[in-house]
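Here is the structure we will look at.
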Amino acid sequence: MSSLFIRNGRLMDPAQNLDSPGHLLIEQGKIAAWGPDVVAPADVTVFDATGLVVAPGFIDLHVHLREPGQTHKETIATGTAAAAAGGFTAVCCMPNTAPVNDSPLVTRFILDRVKESASVRVYPIGAITKGLQGEVLAEIGGMREVGIVAISDDGHSVSNAQVMRRAMEYARDFNLPVTDHCENKDLAAGGIMNEGLYSTLLGLRGMTRAAEEVDVARDIVLSELTGAHVHIAHLSTAGSVEMVRWAQSRGVRITCEVTPHHFSLTEAATDGFNTNAKMNPPLRTERDVAALLEALADGTVGAIATDHAPHCGTEKDQDFENAPFGILGLESALSLALDRLYHSRKVGLMRLVELFSTGPARLFNLPGGSLKVGEPGDVTIFDLEKPVTLKVSEWRSKSRNSPFEGWELKGGPVATVVGGVRVF
Amino acid sequence: MTNQQLSPQSSVLSPENSPQSSVLSPENKPQPPVLPGKDLLGIRGLSPIEINRFLDCAEKYLPLGTPSEETRTTLAGRTMLNLFFEASTRTRTSFEIAAKRLGMQVVNFSIGKSSLTKGETLRDTIETIDAMRPDVVIVRHATAGVPAYLANHSQIHFINAGDGSHEHPTQALLDALTLRRHFGKLAGLSVAILGDVLHSRVARSNIHLLAAMGVEVRVGGPSTLQAPGIEQLVPNAEFPITVTRSIDEAIANVDAVMMLRIQRERQSSAFFPTLGEYFRFYGLTRKRLELAKPGAVVLHPGPINREVEIASEVADGPESRILDQVANGVAIRMAVLETLLNPSF
Chain A
18 MSSLFIRNGR LMDPAQNLDS PGHLLIEQGK IAAWGPDVVA PADVTVFDAT
68 GLVVAPGFID LHVHLREPGQ THKETIATGT AAAAAGGFTA VCCMPNTAPV
118 NDSPLVTRFI LDRVKESASV RVYPIGAITK GLQGEVLAEI GGMREVGIVA
168 ISDDGHSVSN AQVMRRAMEY ARDFNLPVTD HCENKDLAAG GIMNEGLYST
218 LLGLRGMTRA AEEVDVARDI VLSELTGAHV HIAHLSTAGS VEMVRWAQSR
268 GVRITCEVTP HHFSLTEAAT DGFNTNAKMN PPLRTERDVA ALLEALADGT
318 VGAIATDHAP HCGTEKDQDF ENAPFGILGL ESALSLALDR LYHSRKVGLM
368 RLVELFSTGP ARLFNLPGGS LKVGEPGDVT IFDLEKPVTL KVSEWRSKSR
418 NSPFEGWELK GGPVATVVGG VRVF
Chain B
742 MTNQQLSPQS SVLSPENSPQ SSVLSPENKP QPPVLPGKDL LGIRGLSPIE
792 INRFLDCAEK YLPLGTPSEE TRTTLAGRTM LNLFFEASTR TRTSFEIAAK
842 RLGMQVVNFS IGKSSLTKGE TLRDTIETID AMRPDVVIVR HATAGVPAYL
892 ANHSQIHFIN AGDGSHEHPT QALLDALTLR RHFGKLAGLS VAILGDVLHS
942 RVARSNIHLL AAMGVEVRVG GPSTLQAPGI EQLVPNAEFP ITVTRSIDEA
992 IANVDAVMML RIQRERQSSA FFPTLGEYFR FYGLTRKRLE LAKPGAVVLH
1042 PGPINREVEI ASEVADGPES RILDQVANGV AIRMAVLETL LNPSF
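Listed in order, the protein sequences are those of chains A and B.
Residues in the first sequence are numbered from 18 upward in steps of one, following this note's numbering.
Residues in the second sequence are numbered from 742 upward in steps of one, following this note's numbering.
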């Protein structure tokens, strides 16, 4: 059961600063041995990784699996199948389902469904406030007992600073990171894309970058006040990067994640009212992309997270204003990162692997993120060089909302192993 | 003329283009086709040749006398459907008169009583309308991009009669016609566009058109009502589009002043304190108009708010071309209908 011998790969593990050719043996679901001299036991399944990178399983801290309640968009089964196909061995699912994951009961339901239908590990994130309403704290301790790994009102901001402060204090007691969707509602003012040239060209309501940055600044101050670990979700502006970098230099427990779409696209993608380029936070400008690339390279950013947000065809097939925010992320993330970060010489390969594995594991205190003996047998195997054409119609996600259809990229996932079992 | 509005711009962003190659600028678009497109959804992307074709075509219908037999049969038997999701009397009537002068049948799709109010999707609506096969649909909607969405899902010709804060192409064409008839040319003129640029589709369409035609455009009004990036709206404009803080500066020495309508509800959203204060600092008075070139003219898309954005003494004064605009609007709409439905090129 769950033994696998991965032969002849390029073993990379940021946790051990390891980058060397060798074999990797997984036994009973855990990493049993690695190195050039490991011998395959008799009868073990062998995967030939010649010419491929073998990395600790990738972990996505920010995914919307839509179950319970929105299963026309995605299910735990389809979302985790998409994750496996994208090279992810674990995902953290956001609580904005129907009902909201704001109680141990819902957390329990999600984990039961995961047991029945998921192809990769799933770690639920609980709501900060009841019903994501921003007013009353959700049952954070109870959800923690059942298995949440962080709290977030993602999709909404907690606009009341006092509520946020209390949430941070309370979460700190349970050793849970607080993941915040930073968007000041007054400043965002119903905006549906970045405020700038393209909002003016299209005549659509813009959302100023200040809407994000004001909340990032607030969260930094509150993190310093409370000592809580605050993790900024989908950071998107140059100003946010600068503030987080500054706060980290002061020792504030603030971390952040960046999505592949925010480092691969600009607001120009919205032109022609392209609803597949509508997401929140919105696509920004070239200046922001440059700042994100720098922050991905220098360590300010702790993880690449996809904010995988499936919506069914009819939901995106309408005018831009009424179409929902969000795009798919799981099945394009690795190719985008390899092409836009590694092959474009913005981020080194070890650092890239860290952003997908060791980084996210550390941020949310998750198992894995390393190839050390005894760690879960979760491995992502990818090809640095293979040409990839993104074909959204062939993806495993239940939805099709991606702006990357037809993109030709270099590099992509080859095999995904969870607990020694190949799930892709 | 519609394709550059509608085609997915993935090529602009595709990975083979280096990110440095002006990914952000709207300029790397396909060249506009020489033949008129299926639709008129906006001015952005139209070439001076295409703009002049509409203006030249409209000239032959002016002044608006009794239409000749030839005119009355130009589009005889064709059907125009007015699809106005947003209240409009002037524009709808102008299109209706234009269509009838060309011999068209006109049908008004009554939104208030339609299934749209019962939760029907835009997709369902357009499929229904498409199945009835009108020749052209005139659409106005409070949301930017709806005409583009409908046109993209239909074989029928679409004309945008105003969508949110996006575009109002026939208004810009009639404004250009009014200026061209008065001055005999467009290139080299200077025009100030003043007021609520942020929410104005009229301003956007006019800036696209005037800048493309070699007019110097200045934009003014309170900063709270200015649109970000407006200076970069038209790539390769002959004159840079300038934004001024004081409207006196914007008006100084211009050939024409275009006033934008102030929507009264903006006052409640903290864009400016009171209508009175707006008039005092941003309203077009005779004194301010004297800063313009002698012989300068005043345009307004209507309906006007007297003593809010414009003083009665100006609106009713000799510089006002507001009623010419209304007449020219009929001719322009005739020209647009004829050009799209009966291209003789």
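All residues carry an ideal CB built from backbone N, CA and C; glycine is no exception.
- Here LEU388 (chain A) is near LEU35 (chain A), since their CB atoms are less than 8 Å apart.
- Taking the Cβ atoms as the reference, ARG921 (chain B) lies roughly 12 Å from LEU1040 (chain B), outside the contact range of under 8 Å.
- Scanning chain A for C-beta atoms nearer than 9 Å to the C-beta of PRO969 (chain B) yields GLU212, GLY213, LEU214, SER216, THR217, GLY223 and THR225, reported in chain order.
- Between VAL938 (chain B) and ALA944 (chain B), the alpha-carbon positions lie close to 6 Å from each other.
- Of all residues in the stretch 327-353 of chain A, those with a C-beta nearer than 8 Å to a C-beta of chain B are THR331, ASP334, GLN335, ASP336, PHE337, GLU338 and ASN339, reading in chain order.
- For ALA308 (chain A), the enclosing alpha helix (DSSP H) covers residues 303-315.
- A straight line joining the alpha-carbon of HIS949 (chain B) with that of ASP904 (chain B) spans about 16 Å.
- Residues are counted here when their Cβ sits less than 9 Å from a Cβ of chain A; for the stretch 778-799 of chain B these are ARG785, given in chain order.
- Classified as buried, ASN947 (chain B) has 16 or more neighbouring CB atoms from the shown chains inside 10 Å of its CB.
- Contact between the stretch 1009-1023 of chain B and the stretch 989-999 of chain B is absent: fewer than three C-beta pairs spanning the two stretches fall below 8 Å.
- Look at GLY394 (chain A): its C-beta is not under 8 Å from any C-beta on chain B.
- Those residues of the stretch 945-958 of chain B placed with their C-beta closer than 7 Å to a C-beta in chain A are ARG945, ordered along the chain.
- Of all residues in the stretch 283-305 of chain A, those with a C-beta nearer than 7 Å to a C-beta of chain B are THR283, ALA285, ALA286, ASP288, GLY289, PHE290, ASN291, THR302 and GLU303, reading in chain order.
- For TYR1019 (chain B), no chain A residue has a Cβ inside 9 Å of its Cβ, as the nearest lies near 20 Å away.
- With respect to the 8 Å criterion, PHE399 (chain A) and VAL70 (chain A) are classified as neighbours on the basis of their beta carbons.
- ALA57 (chain A) places its beta carbon less than 8 Å from that of PHE22 (chain A).
- Within the stretch 235-269 of chain A, the beta strand (DSSP E) runs of at least 3 residues that lie entirely inside it are, in chain order, 247-249.
- If one requires a minimum length of 3 residues, no beta strand (DSSP E) run lies completely within the stretch 1006-1033 of chain B.
- The C-alpha of ALA155 (chain A) is placed about 6 Å away from the C-alpha of ALA144 (chain A).
- Between SER169 (chain A) and PRO85 (chain A), the C-beta gap is not smaller than 8 Å, which leaves the two residues out of contact.
- Straight through space, the alpha carbons of SER410 (chain A) and ILE344 (chain A) are spaced by roughly 14 Å.
- Scanning its chain for C-beta atoms nearer than 7 Å, with the 5 sequence neighbours on each side dropped, one finds around VAL153 (chain A) the residues THR146 and LYS147, in chain order.
- Under DSSP, VAL108 (chain A) shares a beta bridge with A:ASP77 and A:VAL139.
- Bridge partners of SER37 (chain A) according to DSSP: A:LEU28.
- Neighbours of VAL887 (chain B) across chain A, judged by C-beta separation under 7 Å: ASP336.
- When the beta-carbon positions are compared, PHE924 (chain B) and VAL958 (chain B) stay at least 8 Å from each other.
- Beta-bridge pairing by DSSP links ARG439 (chain A) to A:VAL434.
- Residue environment analysis places LYS408 (chain A) among the exposed positions, since fewer than 16 neighbouring C-beta atoms fall within 10 angstroms of its C-beta.
- ASP395 (chain A) and LEU355 (chain A) have their C-alpha atoms roughly 20 Å apart.
- Take SER809 (chain B), set aside five residues on each side of it, and no residue of its chain has a beta-carbon closer than 6 Å to its own.
- Apart from the 5 residues on each side of it in sequence, ALA178 (chain A) sits with its Cβ closer than 8 Å to the Cβ of ARG235 and LEU239 in its chain, given in chain order.
- Taking the Cα of GLY319 (chain A) as reference, the smallest distance to any Cα among A:LEU309, A:LYS427 and A:THR272 is reached at A:THR272.
- For THR217 (chain A), the enclosing alpha helix (DSSP H) stretches over residues 214-219.
- Proximity of LEU1001 (chain B) to chain A, defined by a Cβ-Cβ separation below 8 Å, is not satisfied.
- Listed along the chain, the chain A residues whose CB falls inside 7 Å of the CB of GLN973 (chain B) are LEU214.
- Shortest Cα-Cα distance from PHE825 (chain B) to any of B:ARG813, B:ALA799, B:THR815 and B:ARG881 involves B:ARG881.
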